[in-house]
Amino acid sequence: MYLEFWGAARSTTGSMHLLGLDGKRFVLDCGLFQGRREESWRRNRDFPYSPASFDSAILSHAHIDHSGNLPNFAKQGFKGKVFATTATADLCQIMLRDSAHVQESDIAYVNKKHAQRGQKPFKVLYTADDAERVIGQFESAEYGRSFAVSPQLECTFLDAGHILGAAVVVLDITENTSRRRIVFSGDLGRRHLPILRDPEAPDWADVLILESTYGDRRHENISAASDRVREVVARVVERQGKITVPAFAVGRAQEFVYCLHRLFEDKKLPRVPVFVDSPLARDATEVFRRHRECWDADALRMLETSGDVFGFSGLRYVGSVEESKALNDLVGPCVIISASGMCEAGRILHHLKNNIEDPRNCVLVIGYMAENTLGRKIVERQSEVKIFGETYRLRAEVAILNSFSAHGDSDDLSDFARRIAGGGRLRKVFIVHGEPERSMPLVERLRIELSGVEVYYPERGERYDL
Numbered sequence: 003m004y005l006e007f008w009g010a011a012r013s014t015t016g017s018m019h020l021l022g023l024d025g026k027r028f029v030l031d032c033g034l035f036q037g038r039r040e041e042s043w044r045r046n047r048d049f050p051y052s053p054a055s056f057d058s059a060i061l062s063h064a065h066i067d068h069s070g071n072l073p074n075f076a077k078q079g080f081k082g083k084v085f086a087t088t089a090t091a092d093l094c095q096i097m098l099r100d101s102a103h104v105q106e107s108d109i110a111y112v113n114k115k116h117a118q119r120g121q122k123p124f125k126v127l128y129t130a131d132d133a134e135r136v137i138g139q140f141e142s143a144e145y146g147r148s149f150a151v152s153p154q155l156e157c158t159f160l161d162a163g164h165i166l167g168a169a170v171v172v173l174d175i176t177e178n179t180s181r182r183r184i185v186f187s188g189d190l191g192r193r194h195l196p197i198l199r200d201p202e203a204p205d206w207a208d209v210l211i212l213e214s215t216y217g218d219r220r221h222e223n224i225s226a227a228s229d230r231v232r233e234v235v236a237r238v239v240e241r242q243g244k245i246t247v248p249a250f251a252v253g254r255a256q257e258f259v260y261c262l263h264r265l266f267e268d269k270k271l272p273r274v275p276v277f278v279d280s281p282l283a284r285d286a287t288e289v290f291r292r293h294r295e296c297w298d299a300d301a302l303r304m305l306e307t308s309g310d311v312f313g314f315s316g317l318r319y320v321g322s323v324e325e326s327k328a329l330n331d332l333v334g335p336c337v338i339i340s341a342s343g344m345c346e347a348g349r350i351l352h353h354l355k356n357n358i359e360d361p362r363n364c365v366l367v368i369g370y371m372a373e374n375t376l377g378r379k380i381v382e383r384q385s386e387v388k389i390f391g392e393t394y395r396l397r398a399e400v401a402i403l404n405s406f407s408a409h410g411d412s413d414d415l416s417d418f419a420r421r422i423a424g425g426g427r428l429r430k431v432f433i434v435h436g437e438p439e440r441s442m443p444l445v446e447r448l449r450i451e452l453s454g455v456e457v458y459y460p461e462r463g464e465r466y467d468l
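All residue numbers for the sequence shown refer to the working numbering, where the first residue is 3 and numbers rise by one.
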């Protein structure tokens, strides 16, 4: 039995780990690597082994950096099942279709530029047909119910508390008469996040694969998020401004709507119009509504009292392009939540273009903005930014909230590992899904805290026999 680490190894995207067992291969996550276009295309195109040689795929959650290369995996010959929670399977239906649309649109744009320069065209990574093919290979399971992946391999999904349907993957392996356990954290959430139940930790494992996105820091208390939103919205409304909120369509958009709902219900904010202008966020919200089994007690109580956690007086989910454009003509305060979260594509660009030059307005940042994105330039408060090739002065207020992170911090990750180590069997920990400056502090911390446990930070392609 062995593990190989092929994605999100000393980086945070393209999650993909290989489990070899009794001549069979299983892939844990199959995500898109996200970076510069040509490097991303090259990394995502090629797999270390023929996808046809894999028995099954096991998916921790629906985010594209964990699921987004599955259509290409199937395109290149993978015929097995994709195991995921029911909510993850439903989210992947909309997210993989959307990703295929992005792939096709992006390659058309790139190849147009290449043709103008006399360069060879790129082949599209995958198409809508490829996405449909792999969607048909999903097999879903409920939290806490064990199922057989192979005669020797049993899997159980536990709550990860990261996004809807996210799972801690527990793999129980039977070899001869012995039983061993590998736990893959996926992306681990935080306690007390809105809507979702808190992360669960299994009571033991022999091997732990642990994410480290924020392994070097402690987050602000999640309870501070609501107060900060109230302060910012009240301030901007008082000066008759508009609040533009770039938000990831799955997870962050729903959390922010939930936060506003609570503030309005508790009369902590004056009611102003709120618009969710993202087709993907609208579709994802419907999946959230269907999967109440993933909600925490607070969200279920709100459902009883209000009738709709993700709907309230003054909130509208925008559908057509015409409706979206009509928001430009609104007079008076409002909140516009739109995607993409890093301001690189989508309808958010139109709202920024129309609102960032007015000092009464505000761009409210509630998510991570990667280097070189428009979102990062706004966070850095650059005096001028380019949108659709045109230069705009950034005169609107920029407010940054760090309380909404859906990833556990150093304390959360350490606590998760120590709870598993409490079972007395943990021998190896592999730290993944983190840049070196974020991961190494967690590696060093766990080497001190976990007596007798080997802690590794694998490089891409490294193999470890277990």
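All C-beta atoms, glycine included, are put in the ideal place defined by N, C-alpha and C.
Legend entry - Sequence-distant residues of the same chain with beta carbon closer than 7 angstroms to Asp-67, five excluded per side: Counting only Cβ-Cβ distances below 7 angstroms, and skipping sequence neighbours, we find Thr-15, Gly-16, Ser-17, Gly-33, Leu-34, Gln-36.
Inset, instruction - Say whether the region 257-267 touches the region 228-236, bearing in mind that this needs 3 or more beta-carbon pairs closer than 8 angstroms, one atom from each stretch. - result: Result yes; three or more Cβ-Cβ pairs closer than 8 angstroms.
Legend entry - His-19 - partner residues in DSSP beta bridges: Phe-7, Leu-30
Inset, instruction - Going by CA-CA distance only, name the one from Glu-437, Gln-256, Glu-156 that's closest to Gly-217. - result: Glu-437
Inset, instruction - Assign Asp-108 to one of three DSSP states: helix, strand, or coil. - result: helix
Inset, instruction - Give me the Cα-Cα distance between Ala-169 and Arg-119, rounded to the nearest whole angstrom. - result: Answer to the nearest angstrom: the Cα atoms are 46 angstroms apart.
Inset, instruction - Tell me whether the beta-carbon of Phe-85 lies closer than 8 angstroms to the beta-carbon of Ile-60. - result: yes
Legend entry - Three CB pairs or more closer than 8 angstroms across the region 207-217 and the region 238-255: With contact defined as three or more Cβ pairs closer than 8 angstroms, the region 207-217 and the region 238-255 are not in contact.
Legend entry - Classification of Tyr-260 by the beta-carbon crowding that lies within 10 angstroms, buried from 16 upward: With 16 or more Cβ atoms within 10 Å of its Cβ, Tyr-260 is classed as buried.
Legend entry - At least 3 beta-carbon pairs within less than 8 angstroms: the region 150-170 vs the region 102-117: At 8 angstroms Cβ cutoff, the stretches do not touch.
Inset, instruction - Within its chain, find whatever has a CB closer than 6 angstroms to the CB of Trp-206; leave out the 5 residues flanking it on each side and keep chain order. - result: Gly-425, Arg-427
Inset, instruction - Consult DSSP for Val-289 and reduce its assignment to one of helix, strand or coil. - result: helix
Legend entry - beta strand (DSSP E) segment containing Ile-450, residue limits: Here Ile-450 belongs to no beta strand (DSSP E); instead the alpha helix (DSSP H) covers 438-451.
Legend entry - Touching by the beta-carbon criterion (3+ pairs, under 8 angstroms), the region 276-284 and the region 330-345: yes
Inset, instruction - Would you verify that the beta carbon of Phe-312 is, or is not, closer than 8 angstroms to some beta carbon of chain B? - result: Absent from the structure is chain B; it holds one protein chain and no more.
Legend entry - First through last residue of the alpha helix (DSSP H) which encompasses Val-238: From DSSP, the alpha helix (DSSP H) with Val-238 extends over 225-240.
Legend entry - Per DSSP, cross-strand counterpart(s) of Pro-248: Ser-340
Inset, instruction - Determine the extent of the alpha helix (DSSP H) in which Phe-159 is found, giving its start and end residues. - result: No alpha helix (DSSP H) holds Phe-159; the beta strand (DSSP E) holding it covers 155-161.
Inset, instruction - Using the DSSP secondary-structure output, state which residues sit across from Leu-428 in a beta bridge. - result: According to DSSP, Leu-428 bridges with nothing at all.
Inset, instruction - Compute the Euclidean distance between the alpha carbons of Val-29 and Asp-132, then round it to the nearest angstrom. - result: 18 angstroms
Inset, instruction - Please classify Leu-329: does DSSP put it in a helix, a strand, or coil? - result: helix
Inset, instruction - Would you tell me roughly how many angstroms separate the C-alpha atoms of Ser-315 and Gln-95, rounded to the nearest one? - result: Taking the straight line from one Cα to the other gives about 30 angstroms.
Inset, instruction - Helix, strand or coil for Trp-297, going by three-state DSSP, please let me know. - result: strand
Inset, instruction - Could you tell me the boundaries of the alpha helix (DSSP H) in which Tyr-319 lies? - result: Careful: Tyr-319 lies outside any alpha helix (DSSP H), inside the beta strand (DSSP E) at 317-319.
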